[in-house]
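Peer 1: Protein sequences appear in the order of chains A and B. So for the first sequence, this note's numbering puts the first residue at 1; every next one is plus one. So for the second sequence, this note's numbering puts the first residue at 229; every next one is plus one. Ideal Cβ placement from N, Cα and C applies to all residues, glycine included.
Number of protein chains: 2
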Amino acid sequence: ELVEALAEQNQPQILAGKSILITAGPTQEAIDPVRYLSNHSSGKMGYALAIAAQKLGATVTLVSGPTRLNPPAGCEFIGVKSAQQMYDAVMQQVDKHNVFIGCAAVADYRVDEVMSQKIKKDNDKLSLTFVKNPDILASVAALPKPPFTVGFAAETHDLSHYAQDKLKRKKLNMIAANDVSDTSIGFNSDHNALSIFWPGGQQRLAKNNKDMLAYQLLTLMNQHYDNA
Amino acid sequence: ELVEALAEQNQPQILAGKSILITAGPTQEAIDPVRYLSNHSSGKMGYALAIAAQKLGATVTLVSGPTRLNPPAGCEFIGVKSAQQMYDAVMQQVDKHNVFIGCAAVADYRVDEVMSQKIKKDNDKLSLTFVKNPDILASVAALPKPPFTVGFAAETHDLSHYAQDKLKRKKLNMIAANDVSDTSIGFNSDHNALSIFWPGGQQRLAKNNKDMLAYQLLTLMNQHYDNA
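(1) Counting only beta-carbon atoms, is A:K237 nearer than 9 Å to chain B?
(2) By Cβ distance below 7 Å, which residues in the same chain neighbour A:C103 in space, the five residues on each side in sequence not counted?
(3) Mind checking A:S42: buried by the 16 CB within 10 Å criterion, or exposed?
(4) Would A:L126 and B:Y337 qualify as a contact pair, given that the criterion is a beta-carbon distance under 9 Å?
(5) At the level of alpha carbons, what is the spacing between B:Q321 and B:F328?
(6) Rank A:D32, A:D88, A:M86, A:I196 by C-alpha distance to the C-alpha of A:S116 and give the top, closest one.
(7) Going by C-alpha distance, which of B:L445, B:M440, B:I248 is nearest B:N326?
(8) Could one say the Cβ of A:Q117 lies closer than 9 Å to chain B's Cβ atoms, at least one of them?
(9) Taking contact to mean 3 or more Cβ pairs, one atom from each stretch, closer than 8 Å, check whether the region 59-67 of chain A and the region 143-150 of chain A are in contact.
(10) Determine the DSSP secondary structure at B:K309, reduced to helix, strand or coil.
(11) For B:A434, which option in B:L422, B:P427, B:Y443, B:A442 has the closest C-alpha, if you only look at C-alpha atoms?
(12) Looking at the C-beta of B:Y264, does it have a partner C-beta in chain A at a distance below 9 Å?
(13) Just the Cα atoms here: how many angstroms apart are B:S417 and B:L265?
(14) Just to check my reading of the structure: B:N267 and A:V34 have Cβ atoms closer than 8 Å, yes? What is that Cβ distance to the nearest angstrom?
(15) Looking at C-alpha atoms only, which residue of B:V318, B:A404, B:A366 is the closest neighbour of B:A442?
(16) Measuring only the C-alpha atoms, how far is A:P71 from A:I51?
(17) Just the Cα atoms here: how many angstroms apart are A:K18 and A:K55?
(18) Below 9 Å between beta carbons: does that hold for B:V318 and B:V368?
(19) Can you tell me whether A:I175 is helix, strand or coil according to DSSP?
(20) Give the straight-line distance between the Cα atoms of B:A382 and A:K166, rounded to the nearest whole angstrom.
(21) Have a look at B:T295 and A:P66 and give me their C-alpha separation to the nearest angstrom.
(22) Show which residues of chain B have a CB atom less than 7 Å away from the CB atom of A:E155.
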């Protein structure tokens, strides 16, 4: 109810004049015309960020993999399936934006060669070789004039270690880490808890619904935006 | 509208006294806590069969992989994720049923060893070895006292050849083949067209919505039931 109350009030337009590019959801990597590789991202966190950013005054472009959610009203929406399609859409859009939030659970790998016909199950064993997908976050942060770049890390162990390593290695401005091994939060849940890291600092956002966490994360992002 | 009209009339109870076990949807094969392998089955055909079978007087048990659909009212519903879970549920239920309709798009393979932690993307390439899942249809048809067993075949090429081969090899009573390479029908579509094969005969059910096809397939199944 708090969220609805907030939404119905006039929000302080702290993001007025900012244009934010957000990715959300999983990607789907085809193996053949029937089979695919994906992950358990529901898209809820990214969609909550898109809705909250608009309410705080930002212009929003949402690039989303396949989810069960409806495109939020008011934002520019680009639906994609594969990591390569998401990379292409982001790279085409990024110049028009001040902030990039990579919230999608992008598949790290795709199959080496997509089969045009359904693979028959003639063999007792099947071996597939996967190659790396382009790294969207790192590519955005490595642009000559990068936007303020916020990443997400979904980890099942050593959360803080991997998140801080990812922040440095990919030269991000901020990273939000959540522990997907806790099934009461994270993937598919309406709730989450985030540890936010930036160069030289960190803050814990305690368990809350994803709508409230979106407001908190955007507020924190905005505080650090001017120092970047 | 025809379907709704049919549904609101009293249906001829041609399946009265029969107990039908139906599988539907895709299966989801975990790779690690985050990633999975699946396929594009929506579950619509299997759910349509469950609803139609009840309206025609049957008692229905529906074993379903993860779909976006609501469990049909009135049937016994068992939700599963993996092919192994679907196999276990079917084998536990099958003795209580006269008819088994395997409409699910069961993953033929699962990864050799599911990782308990998220696989890190340290390597440029990733190789995964898949092993065969149990064959639910063939296992049911090979039981000492098998139910009347109907399979489905989703093929992208040589439809009739593969379907008839599957009918014989797995000792099914009937098989329904649909061409998933035509995107106007099949996976995720509300429409389908089926070629039905049984030992010594075949019939084409022309493109129609899945609700009507369900009635037609069940009627055809019932005609052949007594000869089995």
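Peer 2: According to the data block:
(1) This structure cannot settle anything about residue 237 of chain A, because the visible part of chain A is limited to 1 through 228.
(2) I22, T23, A24, M45, G46, L49, F152
(3) With 16 or more Cβ atoms within 10 Å of its Cβ, A:S42 is classed as buried.
(4) yes
(5) 10 Å
(6) A:D32
(7) B:I248
(8) yes
(9) no
(10) coil
(11) B:L422
(12) yes
(13) 21 Å
(14) 5 Å
(15) B:A404
(16) 10 Å
(17) 12 Å
(18) yes
(19) strand
(20) 42 Å
(21) When rounded, the distance between both Cα atoms is 14 Å.
(22) K346
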